[in-house]
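**Q**
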Amino acid sequence: MSTTIKQLRAFVAVARTRSLAEASAQLHVSQPAISIALRTLEESLGGALFSRDGRQLVLTPEGTAFVERAQQLLHNWDNTLDAVQQRFRLQQGQLSIAAIPAFALNRLPDLLQLFHQQHPDINIVLEDIVMERVERAVQEGRAELGFSFRPEDLGNLSFTPIADDRFVAVLPDTHPLTDNKVVHWQDLARERFIAMNRGSAVRRWTDAAFQQSSAPGTTAPRLLCEANQLSTIGRLVQSGLGVSAVPSMCEAQMHAYGLQCRPLADPVVMHPVGVLTRKTGALSTPAQAFLRIALDAGG
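In my numbering, the protein residues as written are 13 to 311.
Below you can see the structure in the form of structure tokens.
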């Protein structure tokens, strides 16, 4: 027979008051219920915890030895419940996020600021890493939420779209192509082109776009150099070394560098940006709250 929290509370209350009536009033339960709880606890432990001294209940030696431990058990139980309740009330806990650098730099700060205003006691852990590592961080449980383009193979992950991202041309402020409302990939092929590093999703998509835009008599792209970060590409274009193409979520960042962005066509390269989560297992309360903020902002 197992001991219950109700039995421990009844025992401690009677040990403190030495009266069934006072313990009953403190716990807001009937005296018979207190008596049954004590009797069941004594049967479970194997002996008496109280003896009578007139109208008062007096602890036996075994009861005296047990009361301090019972109080500690109740204290630990109450603290544990309080900690869990604080997590559900978003007064305690941690939010773990992984995001591709483009999203982390251009979209995430505003979302995190809004989340922090609403839930200032939640600790935030952020990894800004390349797309493949975002997938791995979510798969391995290091991050509950991963913000990324949609992977080609989801595996054990789910993807919830936030928005569609269209690639844009990045141009120096005085470049002749800034006179165009729309820039074609072949326009960029005739310029010195600054690309993302080989192996990245952005590089695969730009290479595919150039290949799709090519035809007999057209120009192959003039690759000047490669960079590992979109922010580096922006700085290189700013220096006048060449032009580039980046996801449209980077437009504000590129404008901050004094650059111009134009939609790219022939072909239009568009990919969904969203949230990766594991298919199995529930999200923590902080992760659920942040996901709602991200989806509301995307809509």
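Quick reminder that beta carbons are idealized off the backbone N, C-alpha and C, glycines included. Owing to the predicted nature of the structure, the values given are computational and were not obtained by experimental measurement.
With DSSP collapsed to three states, give me the class of D199.
**A** Residue 199 sits at position 187 when you count from the first residue of the sequence shown. In this structure, D199 counts as helix in the three-state DSSP scheme.
**Q** What's the call for H87, buried or exposed, on a 16-neighbour Cβ count within 10 Å?
**A** Position 75 of the sequence shown, counted from the start, is the residue given in the question as residue 87. Label assigned to H87: exposed.
**Q** Roughly how many whole angstroms lie between the Cα atoms of R210 and S160?
**A** Taking the sequence shown and counting its residues from 1, the one referred to as residue 210 is at position 198. Taking the sequence shown and counting its residues from 1, the one referred to as residue 160 is at position 148. Rounded to whole angstroms, R210 to S160 spans 18 Å at the Cα level.
**Q** Select from K193, V195 and Q241 the residue whose C-alpha is nearest the C-alpha of R215.
**A** Within the sequence shown, residue 215 is the residue found at index 203, counting from 1. The residue with the shortest Cα to Cα distance from R215 is Q241.
**Q** Given 8 Å as the limit, is there contact between the region 125-141 and the region 244-260, that is, 3 or more CB pairs closer than that?
**A** Result no; under three Cβ-Cβ pairs closer than 8 Å.
**Q** Alpha carbon to alpha carbon, how far is L183 from M266?
**A** Along the sequence shown, read from residue 1 onward, the residue named residue 183 stands at position 171. Along the sequence shown, read from residue 1 onward, the residue named residue 266 stands at position 254. Using only the alpha carbons, I get a separation of about 9 Å.
**Q** Helix, strand or coil for V79? Go by DSSP, reduced to three states.
**A** As a working mapping, residue 79 is identified with position 67 in the sequence shown. Looking at V79 - three-state DSSP - the assignment turns out to be helix.
**Q** By DSSP, does R119 sit in helix, in strand, or in coil?
**A** The count along the sequence shown starts at 1 and reaches residue 119 at position 107. Here R119 sits in coil by DSSP.
**Q** Does the beta-carbon of A294 have 16 or more other beta-carbons within 10 angstroms, so that it is buried, or is it exposed?
**A** Along the sequence shown, one-based indexing puts residue 294 at 282. So A294 counts as exposed.
**Q** Using the rule of at least 16 other Cβ atoms within 10 Å of the residue's Cβ for burial, across every protein chain shown, is E156 buried or exposed?
**A** As a first step, residue 156 is located in the sequence shown; it is residue number 144 there, counting from the start. Buried, since its Cβ has 16 or more Cβ neighbours within 10 Å.
**Q** Let's see if you can read the secondary structure: which residues bound the alpha helix (DSSP H) around V249?
**A** Taking the first residue of the sequence shown as position 1, residue 249 is located at position 237. L242 to Q250 is the extent of the alpha helix (DSSP H) around V249.
**Q** Cutting at 7 Å between CB atoms, please list the residues of its own chain near Q43, excluding the five before and the five after it.
**A** Taking the sequence shown and counting its residues from 1, the one referred to as residue 43 is at position 31. So the qualifying residues of the chain are L32, A33 and S36.
**Q** For the region 195-211 against the region 271-280, do three or more pairs of beta-carbon atoms, one drawn from each stretch, fall closer than 8 Å, so that the two count as touching?
**A** Counting Cβ pairs under 8 Å, three or more are found: they touch.
**Q** Would you mind stating whether T190 and Q272 have Cβ atoms separated by less than 8 Å?
**A** In the sequence shown, counting from the first residue as 1, residue 190 sits at position 178. In the sequence shown, counting from the first residue as 1, residue 272 sits at position 260. A contact, by the Cβ cut-off of 8 Å.
**Q** Going by C-alpha distance, which of E164, I17 and G153 is nearest D90?
**A** As a working note, residue 90 is residue 78 in the sequence shown. For D90, the nearest C-alpha among the options comes from I17.
**Q** Only counting runs of 3 or more residues, tell me where the beta strand (DSSP E) segments fall wholly within the region 165-224, in order along the chain.
**A** As far as the region 165-224 is concerned, its whole beta strand (DSSP E) runs of at least 3 residues are 169-183 and 204-208.
**Q** So the candidates are L20, V41, L307 and V24; which of them puts its Cα closest to the Cα of D176?
**A** The residue given as residue 176 occupies position 164 in the sequence shown. Here the closest residue by C-alpha is L307.
**Q** Rounding to the nearest angstrom, what Cα-Cα distance links A45 and A82 in this structure?
**A** Looking up residue 45 in the sequence shown gives position 33. Looking up residue 82 in the sequence shown gives position 70. The straight-line gap from Cα to Cα measures roughly 19 Å.
**Q** Pull up the DSSP beta-bridge partners for R21, would you.
**A** Within the sequence shown, numbered from 1, the residue matching residue 21 stands at position 9. Answer by DSSP bridge pairing: none, since R21 is not bridged.
**Q** Helix or strand or just coil, what does DSSP make of H283?
**A** As a position in the sequence shown, residue 283 is number 271, starting the count at 1. Strand, per DSSP.
**Q** In the DSSP assignment, find the unbroken beta strand (DSSP E) run with S63 in it and report its ends.
**A** Counted from its first residue, the sequence shown places residue 63 at position 51. It spans F62 to D65 - the beta strand (DSSP E) in which S63 sits, taken as one unbroken run.
**Q** Just how far apart, CA to CA, sit D122 and G254?
**A** The residue you call residue 122 lines up with position 110 of the sequence shown. The residue you call residue 254 lines up with position 242 of the sequence shown. Distance between the alpha carbons of D122 and G254: 31 Å.
**Q** Taking 8 Å as the cut-off, does the region 133-151 touch the region 107-120 (at least 3 CB pairs, one atom from each stretch)?
**A** The answer is yes - the region 133-151 touches the region 107-120, with three or more Cβ pairs under 8 Å.
**Q** Per DSSP, which one or two residues make a beta bridge with V255?
**A** Here residue 255 corresponds to residue number 243 of the sequence shown, with the count starting at 1. Its beta-bridge partners are F205.
**Q** List the residues that DSSP assigns as beta-bridge partners of V137.
**A** Residue numbering aside, residue 137 sits at position 125 when the sequence shown is read from its first letter. Paired residues: S108.
**Q** Following the continuous alpha helix (DSSP H) through G310, name the residue where it begins and the one where it ends.
**A** What you label residue 310 is simply residue 298 of the sequence shown in a count that begins at 1. Looking at the DSSP string, the run of the alpha helix (DSSP H) that includes G310 is T297 to G310.
**Q** So is E152 buried or exposed if we call it buried at 16+ other beta carbons inside 10 Å?
**A** The residue you call residue 152 lines up with position 140 of the sequence shown. It counts as exposed.
**Q** With 16 other CB atoms within 10 Å as the buried threshold, where does T76 fall?
**A** Looking up residue 76 in the sequence shown gives position 64. When all chains shown are included, T76 counts as exposed.
**Q** If we ignore side chains and look at the alpha-carbon of each, how far apart do Q68 and S47 end up?
**A** Here the question's residue 68 lines up with position 56 in the sequence shown. Here the question's residue 47 lines up with position 35 in the sequence shown. Roughly 14 Å separates the two Cα atoms.
**Q** Taking the beta carbon of S170 as the centre, do at least 16 other beta carbons fall within 10 Å, making it buried, or is it exposed?
**A** What you label residue 170 is simply residue 158 of the sequence shown in a count that begins at 1. Exposed: under 16 other Cβ atoms inside 10 Å.
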